[in-house]
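Novice: Start counting the sequence shown at 159; every next residue gets the next number (the working numbering).
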Amino acid sequence: MLDFWLSRWQNGQTGWHEADGNAALKKFWPALAAGSRVLVPLCGKSSDLAWLAGEGYEVTGVELSEIAARAFFEENDLQFETSAANGFNWYRNPEAGIAIACGNYFDFSDQPFDALYDRASLVAIPAKKRPEYIQKTKSLLKPTAVQLLVTLEYEQEKIEGPPFSVLPDEVQAYWQNLERVGHWDDLENSPPKFREAGLREMLEVVWVSQPGDPGM
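1. Checking 8 Å against the spacing of the C-beta atoms, do L299 and F264 come in under that value?
2. Should N262 go down as buried or exposed, given a rule of 16 or more other Cβ atoms within 10 Å for buried?
3. For Y291, which of A303, T302 and D276 has the nearest alpha-carbon?
4. Can you tell me which residues form a DSSP beta bridge with I283?
5. Could you check where the beta strand (DSSP E) with R338 kicks off and where it finishes?
6. Rounded to the nearest angstrom, what separates A227 and G202 at their Cα positions?
7. Express the C-alpha separation of T309 and E354 in angstroms, rounding to a whole number.
8. Could you tell me the distance, in whole angstroms, from the CA atom of E253 to the CA atom of E216?
9. Tell me, to the nearest whole angstrom, how far the beta carbon of S223 is from that of V304; I am working on the premise that it is less than 8 Å.
10. Put R277 into one of helix, strand or coil per three-state DSSP.
11. List the residues that DSSP assigns as beta-bridge partners of P199.
12. For a quick check, are the C-beta atoms of L336 and W365 less than 8 Å apart?
13. Which residue from F352, L357, P350 and D344 puts its Cα closest to that of A181?
14. If you count every other CB in all the chains shown that lies within 10 Å of the CB of D206, and 16 or more means buried, which is it?
15. By how many angstroms is the C-alpha of S267 removed from the C-alpha of K294?
16. Using the three-state DSSP reduction, which class does N247 fall into: helix, strand or coil?
17. Taking the alpha helix (DSSP H) that R354 falls in, what are its first and last residues?
18. Report the residue from R358, V329, L200 and G193 whose alpha carbon sits nearest the alpha carbon of A278.
19. Can you grab the Cα-Cα spacing for the pair I317 / E346, in whole Å?
20. I'd like the span of the beta strand (DSSP E) that includes I256, first residue to last.
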C-alpha cells in the first residue's frame with residue numbers, strides 16, 4: 159500500500175487534493191487555545207495545514223511522500239528547513255508553526271497532541287488496517303484531544319476505494335465521543351472512477367468532538 163501512494167505522488171495522481179482546503183474544517187473546527195498542537199495524519203500537501211497554523215496552532219503533518227511535503231511549502235510560498243530524526247525526514251517552518259514529518263505513519267512518535275484533524279487518512283486505510291490506524295492515532299493524542307474527522311459514505315459494492323466508505327457504526331466503534339455534525343453529497347468532486355462506476359451519491363460526513371470531552 160505504501161508503494162501505491164508513493165507512485166501516485168510520483169505520477170501526479172492526486173485527485174483527492176483540495177486546492178482551496180476543506181470547507182468543513184473552516185466551518186466546524188472548535189476554537190482552541192493559541193499554541194495548541196494539532197496532528198494531521200497523511201496530510202499530503204493540504205492547504206489546511208496553513209489554515210490551522212493561521213488560527214494560531216502548532217501544526218504537525220505526517221506524510222509518506224517528500225514530494226508532497228516540498229510541494230506544500232513551495233505552493234504556500236513558505237521557506238523550509240530540513241532535518242532527520244528517528245527515521246523521519248522533517249520539513250519545518252518554525253515561524254509559521256508548521257512541520258511535516260516524512261515517513262511511515264505507523265512508525266511516528268511525538269509528545270501527545272491537543273487535537274486531531276483527519277480528512278484524508280481514515281478513508282485512505284483499508285478496512286483490515288483501520289483498527290491499527292486508530293490505535294496508533296490514539297497513542298499520539300491526549301485523552302481529551304479535540305477531533306475533527308471527515309469520512310465518506312457511498313455504495314462500496316459498486317466500486318472499491320481508496321478512498322473508502324466508512325460507515326457510522328464503524329466510526330463510533332472507534333470513537334464514542336464523536337458527534338456527526340454535517341453531511342452533503344460531494345460526488346461531483348470525487349475522482350472520475352466513482353462516477354464512471356455509476357454512483358449517484360457520495361456523502362462527505364463531518365464528525366467532531368468538543369474541547370475537554372473524554373472518549374478516547
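Note that CB positions come from ideal geometry on N, CA and C, so glycine has one too.
Specialist: Taking the structure as given:
1. no
2. exposed
3. D276
4. Per DSSP, none; premise fails for I283.
5. E337 to D343
6. 7 Å
7. Answer to the nearest angstrom: the Cα atoms are 21 Å apart.
8. 10 Å
9. That pair is no contact at about 27 Å.
10. coil
11. The partner list for P199 (beta bridge, DSSP) reads V220.
12. yes
13. D344
14. buried
15. 9 Å
16. DSSP places N247 in strand when its eight states are reduced to three.
17. The sequence given here places Glu at residue 354; Arg does not occur at that position. That run of the alpha helix (DSSP H) goes P350 to E354.
18. Nearest C-alpha to A278 among R358, V329, L200 and G193: L200.
19. 16 Å
20. Per DSSP, I256 belongs to the beta strand (DSSP E) from I256 to C260.
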